[in-house]
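Here the structure comes first, spelled out in structure tokens, and everything after it is commentary.
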Amino acid sequence: MLIEMIPEVGLFALIIAQLMALILGTLPLAGAATRRPLWMAYARPMATAQFAFLCLAYACLTASYLLDDFSVATVANNSNSMLPWYYKLSAVWGNHEGSVLLWSLMLAGWTFAVGYFSRALPPEVLARVLAVMGLISSGFLAFVLWTSNPFARLLPEVPADGADLNPLLQDVGLIVHPPMLYMGYVGFSVVFAFAIAALLGGRLDAAWTRWVRPWTNLAWAFLTLGIALGSWWAYYELGWGGWWFWDPVENASLLPWLAGTALIHSLAVTEKRGAFKSWTLLLAISTFSLSLLGTFLVRSGVLTSVHAFANDPDRGLFILLLLGLTVGCSLLLFALRLPRVGQRAGFTGFSRDALLLINNLLLVVMTASVLLGTLYPLLLDALGLGKISVGAPYFNSLFVPLTVLLGLVMGLGPVSQWKRTPPRVLWRHGGPSAVLALVIAALVPLVYRGDWNLSVSLGLATALWILLPMLKGLWERSRQGVSRWAALRRLSLAYWGMLVAHLGVAVTIVGVSVVSNYAIERNVRMAEGDTTTLAGYTFTLTELGERRGANFIADTARLEVRHQGQSQPFVMTPEKRLYLATGMPMTDVALRPGPWRDLYVAMGEELEAGSWALRLQYKPMVRWLWLGALLMALGGLLAVVDRRYRRRGRALRPDAVEASS
Amino acid sequence: MKHRLMLFLPLLGFLLLSGLLYRGLSMEPAGRESAMIGQPFPAFELATLADPGQQVDASLLQGQVTLVNVWGEWCPTCKQEMPQLQALAQEGVHLVGIDYKDKREKGRAFLAQYGNPFTLNIFDPEGRLGFDLGVYGAPETFLVDADGVIRYHHTGYIAPHEVTEVILPEVARWRE
Amino acid sequence: MARMTTWLLCLLMGVCLPALAAEEMRAFEDPVLEARYAELTAVLRCPKCQNQAINDSASPIAGDMRERVYQLLHQGQSDQQILDYMVQRFGDYVLYNPRLEGRTLLLWGLPVVLMLMGGLLVFVLVRARRHAAAQGLSDSERARLASLLGSDAADDSRAGRESSARGGQRSDT
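Chains as they are written, first to last, in this note's numbering: chain A, -16 to 644; chain B, 891 to 1066; chain C, 682 to 854.
What follows is the structure, encoded as structure tokens:
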């Protein structure tokens, strides 16, 4: 009896959460406008209650999956009684309805966290911030309730079993990837809400940036991890060995990331120098707007032309309405109420301020290019100018030079000073590093592979140019304390975070340029006993077989792989699976990962009895790509835990505001 | 005051973007104009479905307005399209079929079962003619004028209402 | 090449195309031809699929197109001729690298224009502010700056404190 009511309880909790969100979105805002402390005091309890009820709703949906309640439509469509319990957990968000619920839950979670950790904020600021988040939340909950109810029932004809989770999604990587991505998307709502609050309150001071920076860094770190996990998952799961395709869906996640990266840097200038205020506000609004835009692009079907999705225009229209209201209102507010409190702080051509300005320019041009390339086919189509495609060649031809330029600025950024950096200092840090970077970058490809490649050298030079001045600066600083250790310990965690994140960028650049230019791929026909050589590795197919898994049958191959000169072979076992419930074939790739290279074997088709098409790939330094992303995220997290940003109340003292504005 | 107006630029940009996205919601992303419109029908030399010994080429399409329909036994939508093609044949439209990527026996069986509105069927087992026409699925329909130039293209299934609303007017237009 | 679309679409909608590799083996005598084949099949879009190059699509038309690319390469056609050959049949849609023409001027031009305009803006801002900096730097500050030269931004906020905000104008950056 009780169990049968679980979906109703969930739906009820969802409706209550919607009501809480509406109260949260209105009462504290009105209270802040009319200076009524009682109304403003509703903000935190409502944020907490909203989160609690959404947790309940989400728990109910999860319970329906775990209990195989196939009377719930989403469970029947996306789960199966044979599915292992952990995939049932991830199946909850493996579909449109569940993922929007997760989105809303995370938004409520961030709202709750802001309420919890920002108790020291002035009450009207807190009231406004939480209320703006409540408004966004009520919009999304309305979307869930009206167009995407995850608790909709299939009554009275309850299917005997579910249709099963898509085999591609039956993967551990997919358990963590979407939540990370959503955490990033949704996390940018915090800085957005702070920006709206600043516009409403007409105040943007150094204290504001100090409140905002940890939240922004945290969201950015999540988004970085989410994108990297998605790329990694696609690499090992889809069987092509690719890691980025400039697909609209990928671009949708890259847009807020690029804008968010620009925001992090402009926030630094706003905090330290009191400059770029209006720009920072605009970036804060844009970053979250791009998160919303990405959600629209992915879920409305305007770009990916999948019929199954395009035939639900209600959802697309609803998100567009949400997007229009949120972004339109905030940009209107921006135009009308941009606080006239910005100051003109002086700096010269060679200063950290100016370099960060160029950094922002480059990142904004990158963002604009991705947006333009993604939407351009739609634009031409709408104007009746025909159908075109914009793909990897376009984006690469813009991103390679822009990344190199960004690298040039990044090399000098960390070693330059605010306001003014004498050319002498720049030369001392930059000159030798530049020479060293160029020489190493020119030589390494020769030593490494013997065939010199301009792109690889360019990538290496950029990475080294980012790295070397940073290391030199660190070395010099380490001499300024009682001991080197003491000197390094004096550096703030935020500074270390910056170093680690920049290191991550350098590592990713190396990975991208090497794997893009030195990867080797070969399609071969192999029968038992056949041998193929690829990049110094000898692959011998020793055995073809079959096996039965929990919910699939598979053709298997066993390859012994020997590296040049090594006697001990290792074994790789790719599979070609057929999932029984869905009848879907899947390639299960055999991977031999390593810091310097991955070996990648995928089974194609059986060509004739006893002989298979195999795709062998040699992927040098492909791991560096994701390692770099991990470092970037780690850098972001280090900056979050910096004590300077967590010292309660300190930022509120007038002298502190004075000191850093 | 110039600065104040500049502040509205982001809003303006966003409004334009929203208009585009709104328009995008009602567009059909899959529908595409054929690149062949205005081009002469590509040269070919293939046997007919009925008689492996009878070779035909593009001169077949000279002299009258012809509706060329690309079909195959393997294509379920083609079966649903046959009644519409029959109706068009009854209206006096000159129909030529291309049996695309098919087996000869299967193609013949298909016509025996669903009727044969075509005056002639070109047999294109490897899809070479289809490729030159830019065909990437079936059914697809081309309207070729009396000079052998492709004038109109219909991707996918011709729905019953489209017979009178779309196809017949196009045929009449190019007959003039 | 792997595509995140597939999985995100799966993720969001539960529909999916199976991920299958392009299967056929091709024999190339000439490694240059092989490289050109790899390049061409990566920049031609499969007209039937959602968003896949013909080298990673299992759709029959993608197979036909790969076959045609292979033949044309061996007939000695140039890359441009092969691309034109495909465009003539399937339209500009199959080019992942859109051609520079009237309707794509904005696509190729806007990033460049943005970059130039942005660069100009940065230049103007920096010049305007250099003026402010020159005024704003007192002798004592100069001395302090000199003493700090070695220590950069050991403490970022200290460097920040060096600057005092001046002037009441708004900064529009």
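All residues carry an ideal CB built from backbone N, CA and C; glycine is no exception.
The residue among R598/A, A114/A, G167/A with its C-alpha nearest the C-alpha of M706/C is R598/A. At a cut-off of 7 Å between C-beta atoms, F904/B counts as an interface residue with respect to chain A. For G800/C, there are no C-beta contacts with chain B under 9 Å, since the nearest C-beta of that chain is about 19 Å from it. Annotation: the region 491 to 529 of chain A contains the following complete segments of the beta strand (DSSP E) (minimum length 3 residues), in chain order: 503 to 510, 514 to 517. Chain B has a Cβ within less than 7 Å of the Cβ of D745/C.
At a cut-off of 7 Å between C-beta atoms, G1027/B counts as an interface residue with respect to chain C. For M569/A, the three-state secondary structure derived from DSSP is strand. Below the 9 Å Cβ cutoff, chain B contributes no neighbours of A96/A, its closest Cβ being approximately 29 Å away. Relative to W226/A, the option among I210/A, G77/A, W240/A whose CA is nearest is I210/A. For the region 209 to 225 of chain A, the set of positions with a beta-carbon nearer than 8 Å to some beta-carbon of chain C reads G213, S214, W216, A217, Y218, E220, L221, G222, W223, G224, G225 in chain order.
Residue environment for K260/A: buried (at least 16 other C-beta atoms within 10 angstroms of its C-beta). About 18 Å separates the beta carbon of T270/A from that of I302/A, a gap too long to meet the 8 Å contact definition. The beta-carbon of A489/A is placed no less than 7 Å from the nearest beta-carbon of chain B. For F1021/B and Q33/A, the gap between their C-alpha atoms comes out near 58 Å. DSSP, read as helix, strand or coil, puts T956/B in strand. Rounded to whole angstroms, the Cβ separation of N778/C and G374/A is 7 Å, and the two are in contact under 8 Å. Here DSSP, grouped into helix, strand and coil, assigns W595/A to strand. Residue pairing by DSSP puts M586/A in a beta bridge opposite L597/A. Under the 8 Å Cβ criterion, the region 1006 to 1024 of chain B counts as touching the region 929 to 939 of chain B, having at least three qualifying pairs. Per the Cβ contact rule, the region 511 to 529 of chain A is not in contact with the region 106 to 113 of chain A (fewer than 3 Cβ pairs under 8 Å).
Taken atom to atom, the span from the alpha-carbon of T263/A to that of T253/A is near 7 Å. Under the rule that a run must span 3 or more residues, no beta strand (DSSP E) segment is found entirely inside the region 241 to 277 of chain A. Leaving aside the five residues that flank S416/A on each side, the residues in its chain whose CB is nearer than 8 Å to its CB run, in chain order, G394, L447, W448, L451, P452, K455.
Judged by pairs of C-beta atoms under 8 Å, the region 147 to 162 of chain A touches the region 58 to 66 of chain A, as three or more such pairs exist. F1000/B is outside the set of residues whose beta carbon lies under 7 Å from a beta carbon in chain C. In the DSSP annotation of this structure, Q153/A is not part of any alpha helix (DSSP H), being labelled neither H nor E.
F535/A: member of the beta strand (DSSP E) spanning 535 to 546, first to last residue. With respect to the C-alpha of T309/A, the residue from M896/B, L901/B, Q952/B, L897/B having the closest C-alpha is L901/B.
Put simply, of L714/C, E710/C, A809/C the residue whose alpha carbon is nearest the alpha carbon of S759/C is L714/C. Here A424/A is buried: its Cβ has 16 or more other Cβ atoms, across all protein chains shown, within 10 Å. Taking every protein chain shown into account, the CB of K996/B has fewer than 16 other CB atoms within 10 angstroms, so this residue is exposed. Along the region 975 to 1001 of chain B, the positions whose C-beta sits under 9 Å from a C-beta of chain C are K991, read in chain order. Following the DSSP letters along the chain, one finds Y751/C inside the alpha helix (DSSP H) bounded by residues 741 to 755.
For a cut-off of 8 Å, the C-beta gap from L610/A to V490/A is around 6 Å, short enough to register as a contact. Of the residues L899/B, E923/B, E1066/B, the one whose Cα lies closest to the Cα of R770/C is E923/B.
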